[in-house]
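The opening position of the sequence shown corresponds to residue 504 in our numbering, with each subsequent residue numbered one higher.
Note that beta-carbon positions come from the ideal geometry of N, C-alpha and C, so glycine has one too.
Read the structure below first, then the notes.
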Amino acid sequence: YEGAQNYLPRERDLTALREASAVCRGCDLYADATRTVFGEGPERARIVMVGEVPGDREDREGAPFVGPAGGLLDRALVEAGIDRNTVYVTNAVKHFRFTRDEKSGRRIHKKPSRSQIVACKPWLLAELDTVRPELVVALGATAAQSLFGPDFRVSSRRGELLELPGVADPPLAVATVHPSAVLRARDSDRERAYAGLVADLVTAAEAL
Ligand code: URA
Ligand code: SF4
504 YEGAQNYLPR ERDLTALREA SAVCRGCDLY ADATRTVFGE GPERARIVMV GEVPGDREDR
564 EGAPFVGPAG GLLDRALVEA GIDRNTVYVT NAVKHFRFTR DEKSGRRIHK KPSRSQIVAC
624 KPWLLAELDT VRPELVVALG ATAAQSLFGP DFRVSSRRGE LLELPGVADP PLAVATVHPS
684 AVLRARDSDR ERAYAGLVAD LVTAAEAL
């Protein structure tokens with residue numbers, strides 16, 4: 504596998520990118536997932552939010568953040584005063600990665616590998632180059648490491664106002680925790696984790 508680069512279309516509008524991404528075989532993930540889950544939102548969005556990888560629901564429905572993590576993200580956006588309809592939402596990796604639970608047969612989400620993140624990055628860069636947002640929000644370590652490099656640590660840099668490296672006319676950028684990390688937190692920690700996500704989104708919104 505050589506990465507997504509050779510599958511990019513010549514035209515750089517979101518419709519052309521989405522169509523081309525549907526037949527991407529830039530890494531091994533296309534083989535077991537149902538479909539490519541491309542980003543969604545307005546072509547002129549001021550904010551691009553980047554998640555990790557589609558989950559089970561996203562794989563079946565073909566849209567990003569439509570499952571439980573998406574529900575939590577929606578609530579956090581409302582609380583931070585950000586209208587999701589003005590946000591383009593996408594993922595660092597665009598095919599669902601999973602292992603199958605032997606007993607239940609359920610598909611269990613698995614973190615994408617570094618090579619899969621690198622293989623899929625051309626799609627993310629093409630989306631950023633097309634939408635040209637003023638601000639990019641990385642949700643969790645996978646998105647942050649795709650955008651800022653493998654040494655980036657969300658735990659120490661979250662909520663900081665950064666600039667996106669490696670793109671022309673760089674947008675502002677903020678990294679924060681992944682909504683799924685809030686869902687996974689123990690009861691006693693969940694409220695604080697959620698408040699932290701909202702606070703980082705407020706920082707991002709206020710930078711615009
Ligand atoms: N988690 C992600 O990172 N992305 C999605 O689209 C859904 C869940
Ligand atoms: Fe292509 Fe990305 Fe899917 Fe890999 S995960 S096949 S690079 S779209």
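Checking 7 Å against the spacing of the C-beta atoms, do residue i and residue j come in under that value?
i	j	result
R560	V569	yes
Y591	V634	yes
L575	P682	yes
T539	K597	yes
L711	E666	no
R610	F601	yes
A548	C623	no
E630	G544	no
A696	A688	yes
Y504	C530	yes
Let's see if you can read the secondary structure: which residues bound the beta strand (DSSP E) around residue i?
i	result
L675	675-679
Y591	590-594
Taking residue i as part of the alpha helix (DSSP H), name the residues at either end of that continuous run.
i	result
I620	617-634
A519	517-524
Taking the alpha-carbon of residue i as reference, which of the options has the nearest alpha-carbon?
i	options	result
E621	F651, V657, D604, S607	Reading off the sequence, residue 621 comes out as Val, not Glu. For V621, the nearest C-alpha among the options comes from F651.
L700	L667, S658, P674	S658
R603	D535, T645, A684	D535
L664	A671, P625, L704	L704
H612	R521, V556, R660	V556
G669	R687, P625, S691, D692	P625
T499	G584, P571, A525	Past the edges of the chain, shown from 504 to 711, lies residue 499, and the structure says nothing about it.
S649	V680, Q619, P545, Y533	Q619
request  = For the ligand SF4, list every residue whose C-beta falls under 7 Å from any of its heavy atoms, going in chain order.
outcome  = G506, A507, Y510, S524, C527, R528, G529, C530, L532, Y533, T539, V596, K597, H598, Q619, A622, C623, W626
key: Ordered list of beta strand (DSSP E) runs contained in the region 551-609, each at least 3 residues   = 590-594, 601-603
ask   = Any residues whose CB sits closer than 5 Å to a heavy atom of the ligand URA? List them in chain order?
value = G554, E555, P557, G558, E561, P567, F568, A572, N594
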